[in-house]
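**Student:** Everything in the sequence shown is counted per this note's numbering, starting at 10 for the first residue and increasing by one. Heads up, the beta-carbon is just placed ideally off N, CA and C, and yes, glycines get one too. Structure in structure tokens, see below.
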Amino acid sequence: MKTPGLYDQLCITATLRRAWERVEESDGCAGVDGVSLDHFARNLEDQLALLRGDLLARTYSPLPLMSFKVPRQDAGERTLNVPAVRDRVAQHALIDVAGHLFEREFENCSFAYRRGRSVDQALAIVEMRREEGYEWVLDADIRAFFDNVDHDLMMSRVAELIPEAEICNLIRGWIAARVYDGEKIIPMEKGLPQGAPISPMLANLYLDRFDEQITGAGYKLVRFADDFLILCNSRPKAEAALRLTADILTKLKLALSEEKTRITSFADGFKFLGASFVRSLCLKPPPRRKAKETSPVTIPPPLPVLRGGRAEKFNPALGDALQEALLKVSESEVPSYFQSRRSEPSPASEDDTMDQPTPEDALTPSLLTLRTLYIHEHGALIRCEDDHLEILRDGVELLSIPAFKLDQIIVFGNSQITTPAMKFCMRNNIPIVLLSAQGNFSGTIESQGNQNVLLHRLQFMRAEEEQFVLETARAIVSGKIANCRSLLQRRHRTTADERLSAAIEGMGAMKLALETAASIEEVRGLEGAAARHYYNGLAACFKEPFRFERRTRRPPLDPVNAMLSFGYSLLFYNIYAIVRARGLLPYVGTLHDLRQGHPALCSDLIEEFRAPVIDSMVTAMVNRGAMSPGDFYYNKAGEKGEAEGGCFMTDGARRRYIENFEQRVNTVVQHPIAKVKTTWRGCIDLQVSLYIKALRGEVERYIPMEKR
10 MKTPGLYDQL CITATLRRAW ERVEESDGCA GVDGVSLDHF ARNLEDQLAL
60 LRGDLLARTY SPLPLMSFKV PRQDAGERTL NVPAVRDRVA QHALIDVAGH
110 LFEREFENCS FAYRRGRSVD QALAIVEMRR EEGYEWVLDA DIRAFFDNVD
160 HDLMMSRVAE LIPEAEICNL IRGWIAARVY DGEKIIPMEK GLPQGAPISP
210 MLANLYLDRF DEQITGAGYK LVRFADDFLI LCNSRPKAEA ALRLTADILT
260 KLKLALSEEK TRITSFADGF KFLGASFVRS LCLKPPPRRK AKETSPVTIP
310 PPLPVLRGGR AEKFNPALGD ALQEALLKVS ESEVPSYFQS RRSEPSPASE
360 DDTMDQPTPE DALTPSLLTL RTLYIHEHGA LIRCEDDHLE ILRDGVELLS
410 IPAFKLDQII VFGNSQITTP AMKFCMRNNI PIVLLSAQGN FSGTIESQGN
460 QNVLLHRLQF MRAEEEQFVL ETARAIVSGK IANCRSLLQR RHRTTADERL
510 SAAIEGMGAM KLALETAASI EEVRGLEGAA ARHYYNGLAA CFKEPFRFER
560 RTRRPPLDPV NAMLSFGYSL LFYNIYAIVR ARGLLPYVGT LHDLRQGHPA
610 LCSDLIEEFR APVIDSMVTA MVNRGAMSPG DFYYNKAGEK GEAEGGCFMT
660 DGARRRYIEN FEQRVNTVVQ HPIAKVKTTW RGCIDLQVSL YIKALRGEVE
710 RYIPMEKR
């Protein structure tokens, strides 16, 4: 069966209904047709059917934008150009089906208008760059960016990303829609309408080439919409960055704002996104109060295009004659556009214990996005060509990706990596993790340039402090037991099984005994006892035809153990990459002994995340039927160097598993210590940062993340 195109997906009733829910959440005003959210909702089925019919018949065309001014939070006014409700629904439908295509193009350095990104994250990255020695700053702003986006350049970029003419025609119609300001209808020959749901995503796409060229030149960029910093380690480099920036923007038919652009330093101080940076300080402003609903916003009356409660086609040729017949607003109050409601995350299902994704406007993002390239193709060749990594098999190019878009590469099975490709990855600090087809670790290829020797020395010193080692190991095991026990407790609410109740009780006793453990050996003994209780209880969490009786590894002997082992490997090397990125030495921990070639710190930090990330994902996949017995195969004893037969996932199942893993680590949850919403991967990053603070004595002790 042919996969439906994006336009066909956009026209599906379920897609339009989801889009309407997003529009309804925004509390927006009526458009030029006078159709308010309440009016649209009262006739929802008819309105969606009418919109769907127009889209399917290819007769859809956007109404003019309603233009009005709203006060800025700082000073002055800004102009909003707001589409009609039905056009906002259509735009959100496109975002629903195609947003992931845009998102995967965007760079790590951009933080505005993106799920999982925020002002706080951008400020945290600026602080991190300062600590890395980037003391000079190009503080820049693009002059009237949203008013000056060139439509032809914008659409050529869209066409590169989405080669569907119907989608491109929709987008061009939205950004070139005429504007009604209450007196006249005027064409919009350039710019993106501030107030249209599609505009933020298009703005990031328009500036994506800028991001690529600046970061590709080796500069450290932090961009939030049209406001950005380029951080450098010398003034000459900042001056060179200024010249390069001006040149790139000229090609985009944009220009820097002279009054808002300057070269400065942390020593001299500067402001960015409302925060003041002065030497080693970052002074954030207090939270702004929400504007009162009585703030004066004058919205023009609608155009007379309503008949019988249904929006008629708008004919721009009516021009002045239509403007003379303006109607007055029928509603006394129109809520301010973009005053969004915040939603809490959906509760986890009792059956699978999975956390559900959170609505986009409820996010406080992680401090780190880890872009991983997984290579499954046996016999593939990985080479470097013009700052791109190319993946070939039998001389055919499978993939070409700019290397600076990657944070790590994980290779399964037998693939060849050329020496230039290895050198390029090492120069760009992109570690390559080599695993067998079954997920067994072979080694890493990584640069030694990101070595924080002072932090490493501190790790070794603290590893000799008996009290620090004991307290940290005790905290890690306590967090592990709490999270394992929490998973079983959620399952126990719907499943009356003695194995669950016994495991929960036994683990509770181990956690209590842990508080008085007086040696690292005793802590490890309690961890082992708690693990035995846990896996006995976990056996009650899987539905037929899968069975799990005990934990086996190296090799795993059944499908559940195969999934657990593979998931732990993926999680481990995600943690490894984050630990390395933060400047820590992965081989020095507290709970696990120093051992030649063993990343003990990663083994420590993974413990509190095994149950909530991997175990809950595996139980969900099994119980939802996402895996079947046919997704696994068995080796006989002696095959592939195994002492006894092992159970492993097929290539197709492994790919599907990785998709679930990436979805899982990017699921948004509440971090109980930082009190922010972030992804599971972001939680790991926060815990690594907390570990560093504990090493440095900036906090009294390491606190594990316990997810209830």
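Write down every uninterrupted run of the beta strand (DSSP E) in the stretch 163-237 whose length is 3 residues or greater and which is fully enclosed by it, in chain order.
**Tutor:** Listed in chain order, they are 229-233.
**Student:** Which stretch, first to last residue, makes up the alpha helix (DSSP H) that contains Glu473?
**Tutor:** Where Glu473 is concerned, there is no enclosing alpha helix (DSSP H), given that its DSSP letter is neither H nor E.
**Student:** For Leu600, write down the residues that DSSP places opposite it in a beta bridge.
**Tutor:** In the DSSP output, where bridge partners are listed per residue, Leu600 has none listed.
**Student:** Would you please state the rounded distance, in angstroms, between the beta carbons of Phe551 and Thr628? I believe it to be under 8 angstroms.
**Tutor:** Yes, they are in contact, since the Cβ atoms of Phe551 and Thr628 sit about 6 angstroms apart, within 8 angstroms.
**Student:** Along the chain, where does the alpha helix (DSSP H) containing Ser274 start, and where does it finish?
**Tutor:** Premise fails: Ser274 lies in the beta strand (DSSP E), 271-274, not in any alpha helix (DSSP H).
**Student:** Within this structure, are the beta carbons of Pro554 and Cys656 separated by less than 9 angstroms?
**Tutor:** No, the Cβ-Cβ distance between Pro554 and Cys656 is not below 9 angstroms.
**Student:** Less than 9 angstroms between the C-beta atoms of Ala186 and Asp105, yes or no?
**Tutor:** Not a contact, by the Cβ cut-off of 9 angstroms.
**Student:** Please list the terminal residues of the continuous alpha helix (DSSP H) segment that includes Pro429.
**Tutor:** Note, Pro429: alpha helix (DSSP H), 428-436.
**Student:** Met75 by DSSP, collapsed to three states: which one?
**Tutor:** Strand, per DSSP.
**Student:** Drop a sphere of 10 angstroms on the beta-carbon of Phe421, count the other beta-carbons inside from all chains shown, and report buried for 16 or more, exposed for fewer.
**Tutor:** Flag for Phe421 reads buried.
**Student:** Can you grab the Cα-Cα spacing for the pair Ala590 / Ile21, in whole Å?
**Tutor:** Their Cα atoms are separated by approximately 43 angstroms.
**Student:** Name the one or two DSSP bridge partners that Asp148 has.
**Tutor:** Paired residues: Leu238, Arg271.
**Student:** Flag this pair as touching only if the stretch 238-250 and the stretch 142-153 have three or more C-beta atom pairs under 8 angstroms; answer yes or no.
**Tutor:** With the cut-off at 8 angstroms, the stretch 238-250 and the stretch 142-153 touch.
**Student:** I'd like to check one pair, Thr254 with Ile223: are the Cβ atoms closer than 9 angstroms?
**Tutor:** For Ile223 and Thr254, yes; Cβs fall inside 9 angstroms.
**Student:** Write down the C-beta distance between Asp42 and Leu89 rounded to the nearest angstrom, noting that I regard them as a contact closer than 8 angstroms.
**Tutor:** The pair is not a contact, with the Cβ atoms about 17 angstroms apart (cut-off 8 angstroms).
**Student:** Taking the DSSP output, what are the residues bridged to Asn90?
**Tutor:** According to DSSP, Asn90 bridges with Ser76.
**Student:** What would DSSP say about Ile419, mapped onto helix, strand or coil?
**Tutor:** Residue state, collapsed to three classes: strand.
**Student:** In chain order, what residues of the same chain lie with their CB nearer than 8 angstroms to the CB of Glu4, ignoring the 5 residues before and after it?
**Tutor:** For residue 4 there is no data in the structure shown, the boundaries of the chain being 10 and 717.
**Student:** Would the beta-carbon of Leu64 fall within 9 angstroms of that of Phe111?
**Tutor:** No, these two residues do not count as a Cβ contact at 9 angstroms.
**Student:** Suppose you measure from the CA of Tyr700 to the CA of Glu480; what does that come to, to the nearest Å?
**Tutor:** Between Tyr700 and Glu480, the C-alpha separation is close to 12 angstroms.
**Student:** Report the rounded CA-to-CA distance for Gly225 versus Ile257, giving the unit in angstroms.
**Tutor:** Using only the alpha carbons, I get a separation of about 13 angstroms.
**Student:** Output needed for Gln18: all residues of its chain with C-beta closer than 8 angstroms, excluding positions within five of it in sequence on either side, in chain order.
**Tutor:** Around Gln18: Thr24, Val106.
**Student:** Run through the DSSP bridge pairs and tell me what Glu381 is partnered with.
**Tutor:** Sequence inspection shows Thr at residue 381; the Glu mentioned does not correspond to that position. Gln417.
**Student:** Can you tell which of Ala571, Phe618, Phe581, Arg690 has the C-alpha that lies nearest to the C-alpha of Asp640?
**Tutor:** Ranking the options by Cα distance to Asp640, first place goes to Ala571.
**Student:** Quick one: what's got a C-beta closer than 6 angstroms to Leu401's C-beta in the same chain, skipping five residues either side?
**Tutor:** Answer for Leu401: Leu390, listed in chain order.
**Student:** Does the Cβ of Asn423 have 16 or more other Cβ atoms within 10 Å, making it buried, or fewer, making it exposed?
**Tutor:** So Asn423 counts as exposed.
**Student:** Whether or not the stretch 32-52 and the stretch 92-103 are in contact is what I'm after, with contact meaning three or more pairs of Cβ atoms, one per stretch, closer than 8 angstroms; do they touch?
**Tutor:** Output reads yes: the stretch 32-52 touches the stretch 92-103.
**Student:** Any idea if Ser289 is buried or exposed, counting beta-carbon neighbours within 10 angstroms, 16 or more meaning buried?
**Tutor:** So Ser289 counts as exposed.
**Student:** Under DSSP, the beta strand (DSSP E) around Phe281 begins and ends at which residues?
**Tutor:** 279-281 is the span of the beta strand (DSSP E), which, as asked, contains Phe281.
**Student:** Exposed or buried, what is Ala518 when buried is set at 16 or more other beta-carbons lying within 10 Å of its beta-carbon?
**Tutor:** Exposed.
**Student:** Kindly indicate the opening and closing residues of the beta strand (DSSP E) around Gln605.
**Tutor:** Element bounds for Gln605: n/a, residue is neither H nor E.
**Student:** Quick one: what's got a C-beta closer than 7 angstroms to Leu201's C-beta in the same chain, skipping five residues either side?
**Tutor:** Contacts found: Phe155, Val158, Ile184, Ser208, Leu211, Ala212.
**Student:** Between Ile623, Pro608, Ile439, which lies nearest to Ser574 when the distance is taken from Cα to Cα?
**Tutor:** Nearest option by C-alpha distance: Ile623.
**Student:** Could you please give the first and the last residue of the uninterrupted alpha helix (DSSP H) stretch that includes Glu671?
**Tutor:** Unbroken alpha helix (DSSP H) run through Glu671: 660-674.
**Student:** Could you compute how far the alpha carbon of Leu580 sits from the alpha carbon of Ala586?
**Tutor:** Distance between the alpha carbons of Leu580 and Ala586: 10 angstroms.
**Student:** Return the CA-CA distance between Asp329 and Ala205, expressed in angstroms with no decimal places.
**Tutor:** Its pLDDT being 35, under 50, Asp329 is placed unreliably by the model, and the measurement read from it follows with that caveat. Whole-angstrom Cα-Cα distance: 25 angstroms.
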